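Since the structure comes first, as structure tokens, the remarks are kept for the end.
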Amino acid sequence: MTAAILIFVTCILPGQVVLQAQDPDSRPSESKWPTHGWAKAKPSSVGLDEKALAAFDADLASGKYSLVDSFAVIRCGNSVFEKAYSHDYGTIYAKEAKMRGPLNAHLTGPYNYFDPAWHPYYHGTDLHSMQSVSKTVSSAILGIAITRDDFKAGLDTPLLTYFDVAKVKNGDDRKRRITLRHVLTMTTGLDWNEEIAYDDPKNDASLMEATDDWVQYVIDRPMAHEPGRVFNYSSGVSELLAYIFQKETGQDIEKYGEKYLFTPLGIKHYWKRTPMGVVDTEGGLFLNTTDLAKIGYLYLHDGIWDRKQIVSQDWVRQSLTPFTDAEEGFKYGFKWWLLPRTDRPGYIWMARGFGGQRLMVFPEENLVAVFTGWEILKDETPDRDLVNRLLPAVRTQTCAAAP
Numbered sequence: 006m007t008a009a010i011l012i013f014v015t016c017i018l019p020g021q022v023v024l025q026a027q028d029p030d031s032r033p034s035e036s037k038w039p040t041h042g043w044a045k046a047k048p049s050s051v052g053l054d055e056k057a058l059a060a061f062d063a064d065l066a067s068g069k070y071s072l073v074d075s076f077a078v079i080r081c082g083n084s085v086f087e088k089a090y091s092h093d094y095g096t097i098y099a100k101e102a103k104m105r106g107p108l109n110a111h112l113t114g115p116y117n118y119f120d121p122a123w124h125p126y127y128h129g130t131d132l133h134s135m136q137s138v139s140k141t142v143s144s145a146i147l148g149i150a151i152t153r154d155d156f157k158a159g160l161d162t163p164l165l166t167y168f169d170v171a172k173v174k175n176g177d178d179r180k181r182r183i184t185l186r187h188v189l190t191m192t193t194g195l196d197w198n199e200e201i202a203y204d205d206p207k208n209d210a211s212l213m214e215a216t217d218d219w220v221q222y223v224i225d226r227p228m229a230h231e232p233g234r235v236f237n238y239s240s241g242v243s244e245l246l247a248y249i250f251q252k253e254t255g256q257d258i259e260k261y262g263e264k265y266l267f268t269p270l271g272i273k274h275y276w277k278r279t280p281m282g283v284v285d286t287e288g289g290l291f292l293n294t295t296d297l298a299k300i301g302y303l304y305l306h307d308g309i310w311d312r313k314q315i316v317s318q319d320w321v322r323q324s325l326t327p328f329t330d331a332e333e334g335f336k337y338g339f340k341w342w343l344l345p346r347t348d349r350p351g352y353i354w355m356a357r358g359f360g361g362q363r364l365m366v367f368p369e370e371n372l373v374a375v376f377t378g379w380e381i382l383k384d385e386t387p388d389r390d391l392v393n394r395l396l397p398a399v400r401t402q403t404c405a406a407a408p
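The opening position of the sequence shown corresponds to residue 6 in this note's numbering, with each subsequent residue numbered one higher.
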């Protein structure tokens, strides 16, 4: 869970980025862009240790790393490992599914996290709940809209521009100073407790999801800090993105994302909505494993897909520039988690979601890894444990075959 953390970096200096531009010649050939499916290759053909991956696979299957549903590795534009692990969640969470609680405010339906018709897979399909990975994807859609000039407001636009201030509770000067940039970087200063377990009745994210009007619940929260000074993880703040997007553009963020992000990448999806019909940008997206990898691959290539600039290079670089210190040694950008490398300068880029959803991008290794899972009552595996199993499998820093 996430605690409030003081910000030591409160601004981004001009030109300060963590992303190295891709050499156009290193990008995939036109025939290898995975819009309609990933090219397959043996791990050893792109410099990966097959025995190391097989050993990791065996440990994942054994339950050593909690309830993992799938694992995939993409290197140099090739799918080199894909595996699904079967779990009977109807049995595993049978008791919890029948009892009302913070993760089960409704006995059936999309916001019962124990209902096997909805979680972790959407109605028997291969679409898996992304949980907070939805936040990262929503940031990408916002960036596309800004670049296309469909979202005209700047990131320093006050958040309350989009609300009837007379109907907002706990209004004060600090709340009036919250901007869209603070929303993107989890630094709004709103009082929000999501550092405790989601099955704790005091968790604000669970309390929000038990209401009808999530947006109002969030904007009515009192202030705890001056905006821009303290990182405090908030699913509620991320839900405001869908509302703001609709107000600013007059368009639905899901439909916009389908046109300008999902369709160009060949991604199939489902997106839950709140009881008020607002797209659930904080945790409601469902994707399959290899389609999630496409999001990482898009950012790995500076927002370019099949020779087209889908997300602007500027937005990609801003998103992957550390704005603040976050939990567990991470830095945080525009809805992206940045894990400092321990073996060299730089970061591993991550999208992270409740239950074990992970998109990991290793830019220096030209590697994308995806994990999905549904470990929702116990602690998840620390991210560094997964990273420390993946990196030793890399035998070459280029796409050359392993010796």
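The beta carbon of each residue, even a glycine, is placed where N, CA and C say it ideally should be.
Here the structure is a predicted model, which means the values were calculated and not measured.
In the DSSP assignment, find the unbroken alpha helix (DSSP H) run with E253 in it and report its ends.
Along the sequence shown, read from residue 1 onward, the residue named residue 253 stands at position 248. In the DSSP annotation of this structure, the continuous segment of the alpha helix (DSSP H) that includes E253 starts and ends at 240-254.
Going by the CB atoms, is the gap between F76 and D54 shorter than 9 Å?
Indexing the sequence shown from 1 puts residue 54 at position 49. Indexing the sequence shown from 1 puts residue 76 at position 71. No, the pair does not count as a contact, with Cβ atoms beyond the cut-off.
Mind reading off the beta-carbon distance from M281 to S239? Whole number of angstroms is fine, and I expect it under 8 Å.
The count along the sequence shown starts at 1 and reaches residue 281 at position 276. The count along the sequence shown starts at 1 and reaches residue 239 at position 234. Incorrect: roughly 19 Å between the Cβ atoms, too far for contact.
Would you tell me roughly how many angstroms separate the C-alpha atoms of V373 and S137, rounded to the nearest one?
As a first step, residue 373 is located in the sequence shown; it is residue number 368 there, counting from the start. As a first step, residue 137 is located in the sequence shown; it is residue number 132 there, counting from the start. When rounded, the distance between both Cα atoms is 18 Å.
By the 10 Å Cβ neighbour count, where 16 or more other Cβ atoms means buried, how is S91 classified, buried or exposed?
Taking the sequence shown and counting its residues from 1, one reaches residue 91 at position 86. By the 16-neighbour rule on beta-carbons within 10 angstroms, S91 is exposed.
On the DSSP bridge list, what partners appear for V373?
Against the sequence shown, residue 373 aligns to sequence position 368. V373 is bridged by DSSP to I79, V366.
Can you give the beta carbon distance from S71 to E385, rounded, assuming they're within the 8 Å contact cut?
Within the sequence shown, residue 71 is the residue found at index 66, counting from 1. Within the sequence shown, residue 385 is the residue found at index 380, counting from 1. That belief holds up - the Cβ atoms of S71 and E385 are roughly 6 Å apart, short of 8 Å.
Top-ranked residue by Cα proximity to F367, from F335, L297, Y304
Position 362 of the sequence shown holds residue 367. Considering only F335, L297, Y304, the residue with the shortest C-alpha distance to F367 is Y304.
In the DSSP output, what is W219 paired with across the bridge?
Position 214 of the sequence shown, counted from the first residue, corresponds to residue 219. Answer is none; W219 lacks a bridge partner.
Proximity below 9 Å, CB of G334 to CB of P345
Indexing the sequence shown from 1 puts residue 334 at position 329. Indexing the sequence shown from 1 puts residue 345 at position 340. Yes. Within cutoff.
Spatial distance of N393 from M365 (CA atoms)
Against the sequence shown, residue 393 aligns to sequence position 388. Against the sequence shown, residue 365 aligns to sequence position 360. For N393 and M365, the distance between alpha carbons rounds to 12 Å.
Could you give the DSSP three-state label for E333: helix, strand or coil?
Here residue 333 refers to the residue found at position 328 of the sequence shown. E333: helix per DSSP, three-state reduction.
Where the beta strand (DSSP E) through Y1 begins and ends:
Here the chain comprises residues numbered 6 to 408, so residue 1 is not present and cannot be evaluated.
Check L410 in the structure and name its three-state DSSP category.
Absent from the structure is residue 410, since the part of the chain shown begins at 6 and ends at 408.
If you count every other CB in all the chains shown that lies within 10 Å of the CB of S324, and 16 or more means buried, which is it?
For the purposes of this step, residue 324 is taken as the residue at position 319 of the sequence shown. Residue burial annotation: S324 is buried, with at least 16 other C-beta atoms found within 10 angstroms of its C-beta.
Are there three or more Cβ pairs, one per stretch, closer than 8 Å when the segment 292-300 is compared with the segment 314-321?
Judged by Cβ distances under 8 Å, the segment 292-300 makes no contact with the segment 314-321, as fewer than three pairs qualify.
Which value, in whole angstroms, describes the spacing of the CA atoms of L112 and M213?
Taking the first residue of the sequence shown as position 1, residue 112 is located at position 107. Taking the first residue of the sequence shown as position 1, residue 213 is located at position 208. Cα to Cα, L112 sits roughly 17 Å from M213.
Count Cβ pairs between the segment 247-264 and the segment 155-163 that sit closer than 8 Å; are there 3 or more?
Contact between the segment 247-264 and the segment 155-163 is present: 3 or more CB-CB pairs across the two stretches fall below 8 Å.
Supposed close pair S143, L246 - CB separation, criterion 8 Å:
Indexing the sequence shown from 1 puts residue 143 at position 138. Indexing the sequence shown from 1 puts residue 246 at position 241. Yes, S143 and L246 are in contact; Cβ-Cβ is about 5 Å, under 8 Å.
Would you call the segment 225-242 and the segment 179-197 touching, i.e. three or more CB-CB distances under 8 Å?
Output reads yes: the segment 179-197 touches the segment 225-242.
With H, G and I counted as helix, E and B as strand and the rest as coil, what does DSSP make of G361?
Here the question's residue 361 lines up with position 356 in the sequence shown. Coil, per DSSP.
Suppose the cutoff is 8 Å on Cβ atoms and the five residues either side in sequence are ignored; what does the same chain contact list for Q25 look like?
Position 20 of the sequence shown, counted from the start, is the residue given in the question as residue 25. With a pLDDT of 43 at Q25, under the threshold of 50, the modelled position of that residue is not reliable, and no figure is offered here.
Sort E199, D205, R234, V235 by Cα distance to V223 and report the nearest one.
Sequence index remark: in the sequence shown, residue 223 carries index 218 (1-based). Closest option to V223, Cα to Cα, is E199.
Close beta carbons around P125, own chain, < 8 Å, minus the five adjacent residues each side:
Position 120 of the sequence shown holds residue 125. Excluding residues within five positions, the ones whose Cβ falls inside 8 Å are D74, Y94, H133, S134, G360, T377, G378, W379.
What are the complete alpha helix (DSSP H) segments, minimum 4 residues, inside the segment 103-165?
List check, alpha helix (DSSP H) in window: 138-152.
Rounded to whole angstroms, what is the Cα-Cα separation between K100 and T279?
If you number the sequence shown from 1, residue 100 lands on position 95. If you number the sequence shown from 1, residue 279 lands on position 274. Inter-residue distance for K100 and T279 is about 25 Å (C-alpha atoms, whole angstroms).
Measuring alpha carbon to alpha carbon, tell me which residue in D64, L58, M104 is nearest E87.
The count along the sequence shown starts at 1 and reaches residue 87 at position 82. Nearest of D64, L58, M104 to E87, Cα basis: L58.
G241 to D209, Cα distance in whole Å?
In the sequence shown, counting from the first residue as 1, residue 241 sits at position 236. In the sequence shown, counting from the first residue as 1, residue 209 sits at position 204. C-alpha separation (whole angstroms): 8 Å.
Helix, strand or coil at E259 [DSSP, three-state]
For this step, residue 259 is matched to residue 254 along the sequence shown. Helix at E259.
Which residues in the same chain have their Cβ closer than 6 Å to the Cβ of I79, if we skip the five residues on either side of it in sequence?
Here residue 79 corresponds to residue number 74 of the sequence shown, with the count starting at 1. Counting only Cβ-Cβ distances below 6 Å, and skipping sequence neighbours, we find A298, V373.
Could you compute how far the alpha carbon of K103 sits from the alpha carbon of G68?
The residue given as residue 103 occupies position 98 in the sequence shown. The residue given as residue 68 occupies position 63 in the sequence shown. Approximately 25 Å between the Cα atoms of the pair.
Where does T184 fall in DSSP's three states?
In the sequence shown, residue 184 corresponds to position 179, counting from 1. In the structure shown, T184 sits in a strand (DSSP, three-state: E or B).
Look at the alpha carbon of W320 and the alpha carbon of A150, and state the distance between them as a whole number of angstroms.
Taking the sequence shown and counting its residues from 1, the one referred to as residue 320 is at position 315. Taking the sequence shown and counting its residues from 1, the one referred to as residue 150 is at position 145. One C-alpha to the other measures close to 11 Å.
G289 and P115 closer than 9 Å at C-beta
Here residue 289 corresponds to residue number 284 of the sequence shown, with the count starting at 1. Here residue 115 corresponds to residue number 110 of the sequence shown, with the count starting at 1. Their beta carbons are under 9 Å apart, which means G289 touches P115 by this criterion.
Return the CA-CA distance between A405 and P107, expressed in angstroms with no decimal places.
Working through the sequence shown from its first residue, we reach residue 405 at position 400. Working through the sequence shown from its first residue, we reach residue 107 at position 102. Answer to the nearest angstrom: the Cα atoms are 50 Å apart.
Can you check whether the CB of T141 is closer than 9 Å to the CB of W310?
Along the sequence shown, one-based indexing puts residue 310 at 305. Along the sequence shown, one-based indexing puts residue 141 at 136. No, these two residues do not count as a Cβ contact at 9 Å.
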